[in-house]
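*Asks:* This is the structure I have questions about; it appears just below.
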């Protein structure tokens, strides 16, 4: 149990376009999902916390207008990178908590975004 | 906020030897400490975790120790194998409060030499 599906696994887009990444909890409900960004050979940096039915909480330095997060249901959160630029190229990973006590974080498979 | 530091950044060991990775954290309210293994381009995989009410936990060749007073925790891998080669991340979280996201360490690239 506790499977998180993330799509697409990789995407190449042109500068100025927008890209949507989906994160789904397949066999559990996730009131909270987290979006991370990982540059090559670096750690996972939390971008935002996505809460079902309410606005996401963004970490300092993350532009909320550029990285749009929508958590419309208990099983789906989306991250849209708007007006993408080459510096947005990165590995984006979502995570969901599978129980309300806060333990048990499950990660999606990640999305490799390349902006050309 | 929480600040998790991890050392060393790279570690090479001979097959069969032990590997130890250490992390420190700053937030005394953190009470959940997982360790993840990440292979290139893949998602982090939980390998072991420990909660603040426990000082040590072991799972076959992997063990984690926690010193709450000193705010540090360590990963121990014994009898290392080439397939243990990967990047390992420690993390810390306040699991019972609203601020319950994971804060990750900077990672350790472990290479097990056959």
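Protein chains in written order, with my numbering: chain A, 2 to 117; chain B, 17 to 130.
Glycine is no exception: its CB is placed at the ideal position from the N, C-alpha and C atoms.
Within the stretch 57–123 of chain B, note down every full beta strand (DSSP E) run reaching 3 residues or more, in order along the chain.
*Replies:* 61–67, 72–75, 78–83, 88–93 and 102–108
*Asks:* Is the beta carbon of residue 120/B closer than 8 Å to that of residue 44/A?
*Replies:* yes
*Asks:* Evaluate residue 114/B with the Cβ neighbour count: other Cβ atoms within 10 Å of its Cβ, from every protein chain shown; 16 or more gives buried, anything less gives exposed.
*Replies:* At residue 114/B, the pLDDT of 49 sits below 50, so the modelled position is not reliable; the number obtained from the coordinates is stated separately. Taking all protein chains in view, the Cβ of residue 114/B is surrounded by fewer than 16 other Cβ atoms within 10 Å, so the residue is classified as exposed.
*Asks:* Using a cut-off of 7 Å between C-beta atoms, extract the partners of residue 49/B located in chain A.
*Replies:* Neighbours of residue 49/B on chain A: none; closest Cβ ~11 Å, over 7 Å.
*Asks:* Taking C-alpha atoms, which residue in 33/B, 88/B, 60/B and 76/B lies nearest to residue 68/B?
*Replies:* 88/B
*Asks:* Are residue 71/B and residue 82/B close, meaning C-beta to C-beta below 8 Å?
*Replies:* Judged by their CB atoms, residue 71/B and residue 82/B are nearer to each other than the 8 Å cut-off.
*Asks:* Assuming the contact rule is C-beta atoms closer than 8 Å, residue 51/A and residue 33/A should be a hit. Round their C-beta distance to whole Å, please.
*Replies:* That belief holds up - the Cβ atoms of residue 51/A and residue 33/A are roughly 7 Å apart, short of 8 Å.
*Asks:* Alpha carbons only, please: which of 106/A, 42/A, 65/A and 12/A is nearest the one belonging to residue 116/A?
*Replies:* 12/A
*Asks:* Report yes or no: do the stretch 23–41 of chain B and the stretch 46–65 of chain A share at least 3 C-beta pairs separated by less than 8 Å?
*Replies:* no
*Asks:* Identify every residue that forms a DSSP beta bridge with residue 35/B.
*Replies:* 93/B
*Asks:* How about residue 105/B: is its C-beta nearer than 8 Å to some C-beta of chain A?
*Replies:* yes
*Asks:* Quick one: does residue 45/A have its CB under 8 Å from some CB of chain B?
*Replies:* By this cut-off, residue 45/A is an interface position.
*Asks:* For residue 40/A, count neighbouring Cβ atoms within 10 angstroms of its own Cβ and tell me buried if that reaches 16, exposed if not.
*Replies:* exposed
*Asks:* Shortest alpha-carbon distance to residue 102/B belongs to which of 19/B, 25/B, 21/B and 20/B?
*Replies:* 25/B
*Asks:* With a Cβ-Cβ cutoff of 8 Å, do residue 31/A and residue 113/A count as a contact?
*Replies:* no
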